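K.L.:
In my numbering, the protein residues as written are 1 to 254. Backbone N, C-alpha and C fix where the C-beta goes; we use that ideal spot for every residue, glycine too. Just so it is clear, the structure is predicted and the values come from calculations on it, not from any experiment.
1. Go through its chain and collect everything with a Cβ distance to residue 3's Cβ below 7 Å, but skip five positions before and after it.
2. Mind reading off the beta-carbon distance from residue 64 to residue 33? Whole number of angstroms is fine, and I expect it under 8 Å.
3. So which of 140, 156, 157, 164 has the shortest CA-CA distance to residue 150?
4. Report the three-state DSSP secondary structure of residue 10 (helix, strand or coil).
5. Using 8 Å as the cut-off, can you tell me whether the stretch 79-86 makes contact with the stretch 110-124, which would need three or more C-beta pairs spanning the two stretches below that distance?
6. Which of the three DSSP states is assigned to residue 111 in this structure?
7. Taking a contact to mean a Cβ-Cβ separation below 8 Å, would you say residue 148 touches residue 26 in this structure?
8. Tell me where the alpha helix (DSSP H) around residue 123 begins and ends.
9. Could you pull out every residue in the same chain whose Cβ sits closer than 7 Å to the Cβ of residue 17, ignoring the five residues on either side in sequence?
10. Check whether the Cβ atoms of residue 182 and residue 235 lie closer than 8 Å to each other.
11. Could you pull the DSSP bridge partners for residue 101 from this structure?
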């Protein structure tokens, strides 16, 4: 399992990646990183009193280039470890000289000189955090949200590596609701024609549980969902009654 400091740094990198334009929880998002002065608020690991944030517009361009390189690592981590390691090595090559650090029982790596430039500091932090992740065989913990229309980067810190959805856009619950509604619609369409009472109510499928979400909070059917379910059942009953009436009419003609 990764150390707490490394997990914190990886979470900061994921937050930085999610400033890019794209789909976030089913909604299109615009570019959110436009100036290097935003780094302390976007990346908690960077504190404003630790870096000099008097950078030109070119620094923001370099920051977006770095973000693109980090996105490549995230995209490759789960399926192509060798390619992901190559990208991490490329980041390490730009980190400059390194030194060992000791704190308690933990020995780690840090830049020999802390860069004054905020983007360079972020690049060095990213390279070291990703290198430790790769050496511990934990690159598969870097993932992209599986929610529909969501491209958020995430870090799976669960013990059983089961986290599939990001926390920012409630994608786990959205996926569960979509699956539940699909089951209701399918049950309504497949209702027996001879059953005047209509189709049986579809059982709610097992929730798409994210490892980070509370497991003891069942999904409650909203008033709107209840109305949709009853409407679908009523439609199915009318369809069945109409079909049954047509059969009786055909028999009388015979």
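P.N.:
By the coordinates alone:
1. Counted from its first residue, the chain shown places residue 3 at position 3. Hits under 7 Å: 106.
2. Locating residue 64 in the chain shown gives position 64, where the first residue counts as 1. Locating residue 33 in the chain shown gives position 33, where the first residue counts as 1. About 6 Å separates the two Cβ atoms, so the contact holds.
3. Taking the chain shown and counting its residues from 1, the one referred to as residue 150 is at position 150. Closest option to residue 150, Cα to Cα, is 164.
4. In the chain shown, counting from the first residue as 1, residue 10 sits at position 10. DSSP places residue 10 in helix when its eight states are reduced to three.
5. With the cut-off at 8 Å, the stretch 79-86 and the stretch 110-124 do not touch.
6. Translated into positions along the chain shown, residue 111 becomes position 111. It is a strand residue.
7. Position 148 of the chain shown, counted from the start, is the residue given in the question as residue 148. Position 26 of the chain shown, counted from the start, is the residue given in the question as residue 26. Contact: yes.
8. To locate residue 123, count along the chain shown from 1; it is residue 123. 118-135 is the span of the alpha helix (DSSP H), which, as asked, contains residue 123.
9. Looking up residue 17 in the chain shown gives position 17. Once the five neighbours on either side are set aside, the close Cβ partners of residue 17 are 67, 70, 71, 74, 153.
10. What you label residue 182 is simply residue 182 of the chain shown in a count that begins at 1. What you label residue 235 is simply residue 235 of the chain shown in a count that begins at 1. Their beta carbons are not under 8 Å apart, which means residue 182 does not touch residue 235 by this criterion.
11. Taking the chain shown and counting its residues from 1, one reaches residue 101 at position 101. According to DSSP, which records beta bridges pairwise, residue 101 is partnered with 108.
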